[in-house]
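Peer 1: Terminal number for the sequence shown in this note's numbering: 375, no gaps in between.
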Amino acid sequence: MTSLPTSRRNALKVLGASAGMSLLPGAVGAATTAKPAAKANFIYCLNMSTIKGHKLGFVKELEIASQAGFRSVEIWMDSLQAYLEGGGTLPEARKRLDNLGLKVENAIGFAQWVVDDDTARMKGMELLKREMEMLAQLGCHRTAAPPVGATQDPGLDLKRAAERYRAILELGEQTGVVPQLELWGFSQNLSRLSEVMYVAIESGHPSARVLLDVYHLYRGGSSVDSLPLVGKAAIEVFHVNDYPANTPSATITDADRVYTGDGVAPLSRILQYIHNPEKPVVLSLEVFNKDYYAQDPLKVAQAGLVKMKSMTRSM
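Listed below in structure tokens is the structure:
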């Protein structure tokens, strides 16, 4: 009988010992105690509107968000532009974000991409493209696309709005930044969930996404029980806030928004509807409360994060 080489005999001894060890009670217990890390249901994000009234400037806003415990932010383009005009640069801004441990999830801008006036719309698209190019340098891959300039007069042709939305989605293909079609409940156009869903679907573009908001759904009169019809893929960012009791939807304003859990919005139902088991949804706290603006901005941001986590604790 041919004997095995020494190296092979040693290898078989090691394998046999390993197999035996795996059958020991202690080894079995050790193997079964290891659990996979829990998948996050939501990402907590600070929309800078929440501390915008403090007039801190772009850099200080980022520092406050990081100190408060946020790791995601939603910036405003006017604040970024003021920072650049003051001598800041996009590479410096990216470095600050990295040093603070922050990711820009989305941006708020006001380009007139959907208006009927051809000249104004072309200027709006040029502005949006420039903003997208800046955001790409910050590592941000989304931007809000609200119906700016089409809020006063009703009658916007939704078919044309869909064509215009597709056009800016194609800009997104060039820049790597996807415009999120935003519902504005106070607007005369794109104020209802059915309208933004029509425009998003009719655009026929696979990157189409909608940007919804607890306050705006209420302000525009859309039922939150229609949210399951939106579909998981269409929602990546969702603006959260709350509104007080006995405030009619027809008269409520942005300034009436309060922290999550401090009002009567059906937040639990909303979260259940938008929860995506495949990918965490970004919950971005967006309020414009003058009482909060009179308080210490760090405490405002900290309180907002605590209340957001409390809102999602049972998810």
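In this text, a Cβ means the ideal position worked out from N, Cα and C, and glycines have one as well.
Between Val256 and Gln240, what straight-line distance do the alpha-carbon atoms span, to the nearest angstrom?
Peer 2: Whole-angstrom Cα-Cα distance: 10 angstroms.
Peer 1: Going along the chain, which residues of its own chain have a beta-carbon closer than 7 angstroms to the beta-carbon of Ser82, five neighbours each way excluded?
Peer 2: Because Ser82 sits at a pLDDT of 39, beneath the cut-off of 50, its placement in the model cannot be relied upon, and the following sentence gives the value as read from the coordinates. Closer than 7 angstroms at Cβ, skipping near neighbours: no residue.
Peer 1: Compare the Cα-Cα distances from Thr320 to each of Ser247, Leu144 and Val360 and report the closest residue.
Peer 2: When only C-alpha atoms are compared, the closest one is Val360.
Peer 1: Straight-line CA distance for Val174 to Trp136?
Peer 2: C-alpha separation (whole angstroms): 20 angstroms.
Peer 1: Could you check the C-alpha separation between Ser370 and Asp351 for me, to the nearest Å?
Peer 2: The alpha-carbon atoms of Ser370 and Asp351 are separated by roughly 21 angstroms.
Peer 1: Run through DSSP, which three-state label would Gln248 get?
Peer 2: Three-state DSSP puts Gln248 in coil, outside helix and strand.
Peer 1: In three-state terms, what does DSSP make of Phe118?
Peer 2: Reduced to three states, the DSSP call for Phe118 is helix.
Peer 1: Below 8 angstroms, how does it come out for the segment 102 to 121 and the segment 174 to 185: are there three or more Cβ pairs, yes or no?
Peer 2: No, they do not touch.
Peer 1: Pull up the distance between the alpha-carbon of Val300 and that of Leu343, whole angstroms please.
Peer 2: One C-alpha to the other measures close to 6 angstroms.
Peer 1: Should Ser132 and Glu165 be called a contact, given that it needs their Cβ atoms to be closer than 8 angstroms?
Peer 2: Yes, the Cβ-Cβ distance between Ser132 and Glu165 is below 8 angstroms.
Peer 1: Taking the straight line between their C-alpha atoms, what separation do you get for Pro151 and Leu188?
Peer 2: Computed Cα separation, rounded: 20 angstroms.
Peer 1: Starting from Ala205, trace the alpha helix (DSSP H) both ways and give me its first and last residue.
Peer 2: Here Ala205 belongs to no alpha helix (DSSP H); instead the beta strand (DSSP E) covers Arg202 to Ala205.
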